[in-house]
């Protein structure tokens with residue numbers, strides 16, 4: 308491991324702040340626009356987080372080694388995640404909004420629900 312001497316940007320702080328913004332975005336998505344679209348908030352999180360991680364990796368001094376030209380391993384993983392998740396998200400989007408309401412509460416374990424007529 309190498310030790311970096313000198314001033315460098317606080318990448319972990321930027322990443323933490325971006326994580327909180329992403330959390331806020333996901334909470335807003337599941338309570339609003341994607342309320343009836345199961346899985347879409349997850350794919351939004353996956354893509355936004357991967358893009359954020361790709362960008363923050365430019366600031367990190369601990370990202371060891373490059374794979375292609377100047378692309379680090381975390382950046383390559385981020386590119387793969389985005390490339391694979393966008394087509395799957397498109398499939399989920401085509402399914403349309405869900406007509407199902409909130410799930411019914413499960414009965415406690417070990418008990419059988421009896422309907423009386």
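In the numbering used here, the protein residues as written are 308 to 424.
Heads up, the beta-carbon is just placed ideally off N, CA and C, and yes, glycines get one too.
Local Cβ density within 10 Å of residue i, reported as buried at 16 or more and exposed below that
i           : result
residue 380 : exposed
residue 382 : buried
residue 341 : buried
residue 421 : exposed
residue 363 : buried
residue 308 : Caution is warranted here: a pLDDT of 49 is assigned to residue 308, below 50, making its placement in the model unreliable, and the coordinate value is therefore given only provisionally. Per the 10 Å Cβ criterion, exposed.
Same chain, Cβ closer than 7 Å to residue i, five either side skipped, listed in chain order
i           : result
residue 366 : 316, 318, 321
residue 343 : 404, 405
First through last residue of the alpha helix (DSSP H) which encompasses residue i
i           : result
residue 382 : 380-401
residue 306 : For residue 306 there is no data in the structure shown, the boundaries of the chain being 308 and 424.
residue 343 : Looking at the DSSP string, residue 343 is not in any alpha helix (DSSP H), and its letter there is neither H nor E.
residue 331 : 318-338
Neighbourhood of residue i by C-beta distance below 8 Å, restricted to the same chain and skipping five residues each side
i           : result
residue 337 : 348
residue 324 : none
Contact check, residue i vs residue j, beta carbons under 8 Å
i           : j           : result
residue 389 : residue 357 : yes
residue 399 : residue 350 : yes
residue 345 : residue 405 : yes
residue 329 : residue 355 : yes
Close Cβ partners of residue i (< 6 Å) along its chain, the five nearest in sequence each way excluded
i           : result
residue 385 : 357, 360, 361
residue 333 : 348, 352
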